[in-house]
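Residue numbers (my numbering): 631 to 1360.
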């Protein structure tokens, strides 16, 4: 009953809350399954039995605690994920679109459930430089950064999800952490799959990560290139890793909200954008499978209501882009009182009717929600109009800096979802219909100093050090692959040797600077050159042999940076140390938790006699001068005397009072028992005078007994919980 009451009265957000709520059930189950059966089966309640019983309970509690902690440790993340999906509640500081790993790194979730509320965090995740400005001006044109797309919707859980089987997959998703420093990975097929080449160009971007997961790749619109780069040494305390990326971006795209432009030049840009898209034409010639996939709607009858609303809103719009603008204007419209019809909130609440759709509640009733609500509603309205669309997940870009143009800072609360709409010939275009949210657009933290961008690495080679000359400060590197002007060249005749001039080179091992004398033959190293002399050499062809490229180079290559990798033995040793520390901390934590649980159980166990005694006193006081009060006074006094070691045994209550208690203490317990027996067995009700007399005798007897027994003896008696169990068994 306690668990049911707790579940009904609380919102379960975490695994710890779930465990706390189930604790009464666990404790009561322990009593029913184990202790009660043991006590019932043993008729002889000798000291030997109680020692046996205590050992069994302690061992049982240790076993249950150990198993519970093991399950909690291994299944905690699964439980929390399930609770989050079922409860739909966001903790303080938690963004519903982000997940945080044990190292404190943030990554985007592969799903987004429509929650009743979500938390907000202002932690800085990364900084980025986007080389994109409005034509013939120094006004930055920020671009949203794309991670992936949601194209599936689970109607039962109201969750947007990823689908790896999307047609014409235009998503480039490399694991940045697994690419060697200054190596490149390119996938040009995603540009073709974007199905749009009009008014498109390549935009360069550098991302410097502070708390963003090192595996995460972001790029504007359609990313197709990645190259991990070094962080300048003065900024390594602020940013842990960095990479270059390239995006195939429409010149019509912009991160500015399409309804929130104040600058006249931006407004003019938007109107020109819409005029161009009006000429894109319809979808008659677009692949049917592509159209069927990106206009798919849930079959539930309630989604037809969304289609009806969308057709009403876009009734006068002729082209797809005008229909998009009509939906935008609907979210910006005002009610009969002149107030905005829709507003942004992190706490949209839940429908009054159980199991009702949060999306329908948002769109037709309360009109309050965060980005996932607006993106989801827009998606289904567009699809009901036959316009291919999808939800894009990434980070919204806000231009807050006047000093460092082209630099942008990204906080956890800028994780975002918006809609992309497909236009024939122009490809996927970003549209954000989420209404203004000042908290999300204006971080309370000022943007910091941007990291110094490293010069372009014109030459990169990775291989094994085969010789070291500390006097001439040269290295010989054995390699089978080089990168020149971001193009990869392989040595067809096997590995080749390079002589490297490292006189001015910065040599690093695991982010620490080392001297050339610290290098060893057999070390794996990456050599990087930013030299202008190498840049000006003849450009290479993509398929040219590495040895042919090297013939154009100086006999001794000038190197600026050398990055030395740790050996397998060093990595294994570090891993072993980390595991041993982790295991030690893990077991230490387990033992601490077991100790805390056992301490609480033992404390409750030893406090059991005191709790029972005060319970009887409370019940007697609660019923005032009534026969019920007399019953609780009798039960309380009997328990008190039993706990002090004066057992009734086979005596009747009156014999117990006359033969054992009154002679021992000089009390009037028998005088108290007589009216109690009358109240219990006589047909006539007990007189009020007798009830008052019983209450006085209860207090007097208690005072008399306390005066006869020292406090030390009474305290010792009330620290014997097994004696309390014997009272109820008798």
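Glycine included, C-beta positions come from ideal geometry on N, C-alpha and C.
Inter-residue distance for residue 1141 and residue 1031 is about 30 angstroms (C-alpha atoms, whole angstroms). Residue 1097 and residue 1153 have their alpha carbons spaced roughly 10 angstroms apart. Between the stretch 813-825 and the stretch 1111-1129, the count of Cβ pairs shorter than 8 angstroms is three or higher; the stretches touch. The Cβ-Cβ distance between residue 962 and residue 1011 does not fall below 7 angstroms. At a Cβ-Cβ threshold of 7 angstroms, residue 848 and residue 777 count as neighbours.
In the three-state reduction of the DSSP assignment, residue 1322 falls in the helix class, which pools H, G and I.
Here the alpha carbons of residue 876 and residue 1009 stand approximately 27 angstroms from one another. Contact between residue 764 and residue 899 holds, since their C-beta atoms are separated by about 7 angstroms, short of 8 angstroms. In the three-state scheme derived from DSSP, where H, G and I count as helix and E and B as strand, residue 1132 is classed as coil. For residue 877, the uninterrupted beta strand (DSSP E) run begins and ends at 871-880, by DSSP.
At a cut-off of 4 residues, the continuous stretches assigned as alpha helix (DSSP H) that sit fully inside the stretch 1105-1186 are 1162-1165 and 1176-1180. Separation of the CB atoms of residue 1156 and residue 1092 is rounded to 5 angstroms, and the pair is thereby assigned contact status at 8 angstroms. Cβ contact annotation for residue 881 (same chain, cutoff 8 angstroms, sequence separation greater than five): 829, 830 and 831, in chain order.
With respect to the 7 angstroms criterion, residue 1188 and residue 1131 are classified as neighbours on the basis of their beta carbons. Judged by DSSP in its simplified three-state form, residue 1314 adopts coil rather than helix or strand.
In the DSSP assignment, residue 819 falls within the alpha helix (DSSP H) that extends over 819-823.
As a beta-bridge residue in DSSP terms, residue 1059 pairs with 1051.
By alpha-carbon distance to residue 955, the top candidate from 1063, 735, 1347 and 691 is 1063. Between the alpha carbons of residue 1350 and residue 791 lies a distance of about 58 angstroms. In this structure, the alpha-carbon of residue 1292 lies about 6 angstroms from that of residue 1298.
No Cβ-Cβ contact shorter than 7 angstroms links residue 993 with residue 1005. Boundaries of the alpha helix (DSSP H) around residue 939: 932-943.
In the DSSP annotation of this structure, the continuous segment of the beta strand (DSSP E) that includes residue 1099 starts and ends at 1089-1099. Residue 1050 places its beta carbon 7 angstroms or farther from that of residue 1025. In this structure, DSSP gives residue 830 an extended state, which the three-state scheme calls strand. Per DSSP, the continuous alpha helix (DSSP H) segment holding residue 1344 begins and ends at 1341-1347. The three-state secondary structure of residue 1264, taken from DSSP, is helix. Burial check for residue 1027: the Cβ neighbour count within 10 Å reaches 16 or more, so the residue is buried.
For residue 1127, the CB contacts under 6 angstroms within the same chain, skipping 5 residues up- and downstream, are 1106 and 1108 in chain order.
As the crow flies, the alpha-carbon of residue 800 is around 19 angstroms from that of residue 739.
For residue 791, the pairing in a beta bridge is given by DSSP as 741 and 782.
Take residue 655, set aside five residues on each side of it, and the residues of its chain with a beta-carbon closer than 6 angstroms to its own are 633, in chain order.
Within the stretch 980-1039, the complete alpha helix (DSSP H) runs of at least 4 residues fall at 988-991 and 1001-1014.
By the Cβ-count criterion, residue 1281 is exposed, with fewer than 16 other Cβ atoms from all chains shown falling within 10 Å of its own Cβ.
If you look at residue 856, you'll find it in the beta strand (DSSP E) that goes 852-859. Per DSSP, reduced to three states, the secondary structure at residue 1233 is helical.
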